[in-house]
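Structure first, commentary second.
Residue numbers (the working numbering), protein chains in the order written: chain Y, 73 to 307; chain G, 73 to 307.
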């Protein structure tokens, strides 16, 4: 009993800090995406492809969440200036980013100048679904070699996503992955989800994904009174 | 502070139940393996390959841990009789099996007749490393499409493994995965770990993995006074 109460209090406190984060982001005109996946599905590669495609249009910042190591943030830092690494290994929650970690990362960012914040969560299909960070959209990356049964096996994270990016479609000849069956299972859980088929290796499908991102960013600005600043970085 | 205390109490209670589980397994001459990996790395396929190779030598039972769905246990049930499914979705810990769940599963198994128990943990490279289940050996499956940086990014689970199975080696022509660099990083964390390169699709390497399993089972019997029964199922 005691544990359940503590967990509920933690989640309530997290939601409160997440709401504060979102308010801060809105006030500064920053649109934030929480990118989640199993280890090795391609979150960092998707971020790199997104930066390559959008960095001339928008100023992009990145928060890199990892249990250990700075491997991903090193890859990203060569492409954009504003990268903050969060290493969760010795924190109270090590299996996901939580709002409090993101709050401290935001303090180290020039939010006034940033238009798009990409948050790479810890590689995990379970814990991150429970913790809001203050993001405007939640994205799950699922890759072909993982198998097409993932929406059924990890339903919570898929049910709650605004978009699912099916990555590594270039593996289609080498794996047994039924894209229709994956999409059908996903739509049963989440009828409104946007679905993209991409390969971060070949670049296929990235344009559609980035168009969605820009459309959602604009839609979010129209809904939020604070998010009305023009696309920063566009001169 | 309060949360850290609660977490420590949970881990202490878990260790106590795990020790009870191991004693029960020892008394019944059952050798248990805890198989952990990221989602989609191939735990179920490794279990199916192991059953195919060893079922004429040993009576094998399986515990299938999943957040949701019975997809994996259905695949396994066609091969062995003794399969118990644990679905963690609505439990206090959903991101890993814990000793208490295994304890209840063991009550439903004919332990006297079982020689080898394969426990498939929830697909996750973080939470399962914290919870002992009562197993005799811990095995991590890591697959080529996930990338060769996983030991550095998820060090705790790799540091604590008795064996690491590198699965999907048939993907070598299609992915950038440096097997030597993976093995070197792994050996820095865990110098004594046994490493196997396998493909559960083609069957390559499965024989070496199964030989190790049999050797460890015999070694464990020699060390444990209770694990002295002959290989069950061998007539």
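Even for Gly, the Cβ is constructed at its ideal location relative to N, Cα and C. What you are looking at is a predicted structure, and each value in this text was computed from that prediction instead of being measured.
- Annotated three-state conformation of residue 239 of chain G is strand, per DSSP.
- Closer than 8 angstroms to the CB of residue 111 of chain G there is at least one CB belonging to chain Y.
- Relative to residue 168 of chain Y, the option among Y:158, Y:131 and Y:177 whose CA is nearest is Y:158.
- Across the structure, residue 91 of chain G and residue 293 of chain G are spaced so that their CA atoms are roughly 17 angstroms apart.
- By the Cβ criterion, the region 135-151 of chain G is not in contact with the region 223-234 of chain G, since fewer than three pairs of Cβ atoms, one from each stretch, lie closer than 8 angstroms.
- Beta-bridge analysis with DSSP links residue 108 of chain Y to Y:212.
- Runs of the alpha helix (DSSP H) lying entirely within the region 232-286 of chain Y, each at least 4 residues long, are 251-261 in chain order.
- For residue 88 of chain Y, not one C-beta of chain G is nearer than 8 angstroms to its own C-beta.
- In this structure, DSSP gives residue 186 of chain G a state outside helix and strand, which the three-state scheme calls coil.
- With a cut-off of 8 angstroms on Cβ pairs, the region 245-257 of chain Y is in contact with the region 212-224 of chain Y, counting three or more such pairs.
- Under the 8 angstroms criterion on CB atoms, residue 128 of chain Y is classed as non-interfacial with respect to chain G.
- For the C-beta of residue 219 of chain G, the chain Y residues within less than 7 angstroms are, from N- to C-terminus, 112.
- Scanning chain Y for C-beta atoms nearer than 7 angstroms to the C-beta of residue 272 of chain G yields nothing, as the closest lies near 12 angstroms away.
- For residue 140 of chain G, a Cβ of chain Y is located within less than 8 angstroms of the residue's own Cβ.
- Residues of the region 184-197 of chain Y that bring their beta carbon within less than 8 angstroms of a beta carbon in chain G comprise 194, 195, 196 and 197, in sequence order.
- Taking a contact as a CB-CB distance under 8 angstroms, the pair residue 148 of chain G and residue 180 of chain G does not count as one, their CB atoms being some 15 angstroms apart.
- Chain Y places a beta carbon closer than 8 angstroms to that of residue 227 of chain G, counting this residue as a contact.
- Judged by DSSP secondary structure, residue 146 of chain Y falls within the alpha helix (DSSP H) whose first and last residues are 143-149.
- Assignment of residue 218 of chain Y by DSSP, reduced to helix, strand and coil, places it in the helix class.
- In this structure residue 165 of chain Y is buried. Its beta-carbon is surrounded by 16 or more other beta-carbon atoms within 10 angstroms.
- For the 8 angstroms CB-CB criterion, residue 272 of chain G and residue 239 of chain G form a contact.
- Residue range 155-159 is occupied by the beta strand (DSSP E) that includes residue 158 of chain G, with no alpha helix (DSSP H) assigned at that position.
- Here the C-alpha atom of residue 195 of chain Y lies approximately 5 angstroms from the C-alpha atom of residue 110 of chain Y.
- Only buried fits residue 192 of chain G, as 16 or more other CB atoms lie within 10 angstroms of its CB.
- The Cβ-Cβ distance between residue 161 of chain Y and residue 186 of chain Y does not fall below 8 angstroms.
- Taking C-beta separations shorter than 6 angstroms and ignoring five residues to either side along the sequence, the partners of residue 115 of chain Y in its chain run 107, 109, 192 and 213, following chain order.
- The beta carbon of residue 113 of chain G sits closer than 7 angstroms to the beta carbons of 213, 214, 215, 218 and 239 from its chain, once the five residues preceding and following it are set aside; these are given in chain order.
- The continuous stretches of alpha helix (DSSP H) do not include residue 198 of chain Y, and DSSP gives it neither H nor E.
- A residue is called buried when at least 16 other Cβ atoms come within 10 angstroms of its Cβ; residue 207 of chain G meets this threshold and is buried.
- Straight-line measurement puts the Cα of residue 95 of chain Y at about 51 angstroms from the Cα of residue 189 of chain G.
- Burial state of residue 202 of chain Y is buried, judged by a 10 Å Cβ sphere holding 16 or more other Cβ atoms.
- The residue among G:170, G:137, G:163 and G:133 with its C-alpha nearest the C-alpha of residue 152 of chain G is G:133.
- Secondary structure note for residue 134 of chain Y: its beta strand (DSSP E) is the uninterrupted segment 132-138.
- Short of 8 angstroms from the beta carbon of residue 258 of chain G, and not among the five residues preceding or following it, lie these beta carbons of its own chain, in chain order: 223, 230, 236, 265 and 267.
- Contact with chain G is absent for residue 211 of chain Y, since none of that chain's Cβ atoms lies less than 8 angstroms from the residue's Cβ.
- 161, 164, 166 and 167: these are the residues of the region 158-170 of chain Y whose beta carbon lies less than 8 angstroms from some beta carbon of chain G, given in chain order.
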